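Undergrad:
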Amino acid sequence: MADITMARLHEAMVILYAVSLVFYFVDYLYTTKKAIRIAMSFLGAVWLLQTVFLVLYIIETQRFPVLTLFEGIYFYAWLLVTLSLVLRIFYRFDFAVFLINIIGFIFMVIHTFAPVQIERSPVGEALVSELLFIHITFAILSYAAFSLSFVFSALHLILYRLLKQKKWTKQWSSLPSLGQTEQGMTISILVGIPLLFVSLVLGFQWAVVSLEEFSIMDVKIVGSFILLVVYSFILWRHRRGNLNGMNYAWAHLYAFLLLLLNFFFGSRLSEFHFWY
974 MADITMARLH EAMVILYAVS LVFYFVDYLY TTKKAIRIAM SFLGAVWLLQ
1024 TVFLVLYIIE TQRFPVLTLF EGIYFYAWLL VTLSLVLRIF YRFDFAVFLI
1074 NIIGFIFMVI HTFAPVQIER SPVGEALVSE LLFIHITFAI LSYAAFSLSF
1124 VFSALHLILY RLLKQKKWTK QWSSLPSLGQ TEQGMTISIL VGIPLLFVSL
1174 VLGFQWAVVS LEEFSIMDVK IVGSFILLVV YSFILWRHRR GNLNGMNYAW
1224 AHLYAFLLLL LNFFFGSRLS EFHFWY
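Per this note's numbering, the sequence shown runs over residues 974 to 1249.
1. Which residue's Cα is closest to the Cα of tyrosine 993: Val1019, Leu1163, Gly1157, Trp1051?
2. Does the pairing of the region 1172-1186 with the region 1210-1222 give three or more beta-carbon distances under 8 Å?
3. What are the boundary residues of the alpha helix (DSSP H) that includes proline 1167?
4. Let's test the definition: count the other Cβ atoms within 10 Å of the Cβ of arginine 1065 and tell me whether it reaches 16, buried, or not, exposed.
5. Please look up how many angstroms separate the CB atoms of phenylalanine 1071 and alanine 991, rounded, as I've assumed it's under 8 Å.
6. Express the C-alpha separation of alanine 985 and histidine 1211 in angstroms, rounding to a whole number.
7. Among the candidates Ser1115, Gly1165, Glu1044, Phe1123, whose CA atom is the shortest distance from the CA of phenylalanine 1080?
8. Roughly how many angstroms lie between the CA atoms of tyrosine 1221 and arginine 1036, to the nearest whole one?
9. Is leucine 1208 closer than 8 Å to isoleucine 1166 when the C-beta atoms are compared?
10. Nearest-angstrom Cα distance between alanine 1050 and glycine 1157?
11. Measuring only the C-alpha atoms, how far is alanine 1228 from valine 1203?
12. DSSP three-state label for glycine 1017, please.
13. Please look up how many angstroms separate the CB atoms of leucine 1232 and tyrosine 1116, rounded, as I've assumed it's under 8 Å.
14. Beta-carbon within less than 7 Å of leucine 989's beta-carbon, same chain only, minus the 5 sequence neighbours each way: which residues are those?
15. Considering only the alpha carbon of each residue, which of Met1013, Ile1083, Ala1008, Gln1023 lies closest to methionine 979?
16. Taking C-beta to C-beta, are leucine 1053 and isoleucine 1031 nearer than 8 Å?
17. In angstroms, rounded to a whole number, what distance separates the CA positions of threonine 1005 and arginine 1061?
Written as structure tokens, this is what we have:
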């Protein structure tokens, strides 16, 4: 029972860390006080849990946990979280904090679902299964966010056409404005990008601990990384003011078509993804 509880708490830390990353990403791009407060709250909860586990481990082993690679990774992840909190609270180095948390999250995932952890735990098979579950859940959530961006891009194109041809009637009065559809596209991919990144990190770790052999050049893996780059590039161009209006909407539409190709054909051509 104690092992199961510890496994669940470590999984909870990974999820809390992932949610914190989403809000840090939002804050980095838009510098909103609400987003950074939420991100700090989740990260604070992660740090508190990490610290409790670290202290309990030191009491149990009667030594500082740095003698093995497994212990070192955990201590390193704890140091990164501590450092990011210090930099945010005392120095407000937001970009540095964001990058540190990306690295910290990756190492937290490696520690939680490391092969040595799986092998020595009586709930090892459950950990692998739940890692896959969390990976798929975050992937689906990111796809849902990108689907929403597609809907807003389609509405943007329809609205632009109606206004340009002066065919606006009362039946279209419930539609959002052009500004609202553009904002909807931005918010959607702003949420989708970090969710997809988290899913890729978790999926890669699942492949490491559960598959005897796998290629990083697998069609689904490559396609997912391309999707991440494409949506990040769209958001970056939009933030710089080089991609707006109709071009912005068309970019979302083409990116969503790429997502569909990766979802259906990438899974069929993949060596270990079987989403039919």
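Don't be surprised by glycine CBs; every beta carbon is placed ideally from N, CA and C.
Just so we're clear, the structure is a prediction, and the values are computed from it rather than from any experiment.
TA: Taking the geometry as given:
1. First, the amino acid is wrong: residue 993 is serine here, not tyrosine. Cα-wise, what sits closest to serine 993 is Val1019.
2. The region 1172-1186 vs the region 1210-1222: no contact.
3. Here the alpha helix (DSSP H) through proline 1167 covers 1151-1183.
4. Burial check for arginine 1065: the Cβ neighbour count within 10 Å stays below 16, so the residue is exposed.
5. Not really, about 14 Å apart at Cβ, beyond 8 Å.
6. So the two alpha carbons sit approximately 34 Å from each other.
7. Closest option to phenylalanine 1080, Cα to Cα, is Glu1044.
8. Roughly 56 Å separates the two Cα atoms.
9. Contact: yes.
10. Looking at the two C-alpha atoms, the distance is approximately 35 Å.
11. Distance between alanine 1228 and valine 1203, taken at the CA atoms: about 7 Å.
12. The three-state reading of DSSP puts glycine 1017 in helix, counting H, G and I together.
13. 7 Å between Cβ atoms; contact.
14. Around leucine 989: Phe1015, Ala1018, Val1019.
15. Shortest Cα-Cα distance from methionine 979 to any of Met1013, Ile1083, Ala1008, Gln1023 involves Gln1023.
16. No, these two residues do not count as a Cβ contact at 8 Å.
17. If you take the alpha carbons of threonine 1005 and arginine 1061, they lie about 14 Å apart.
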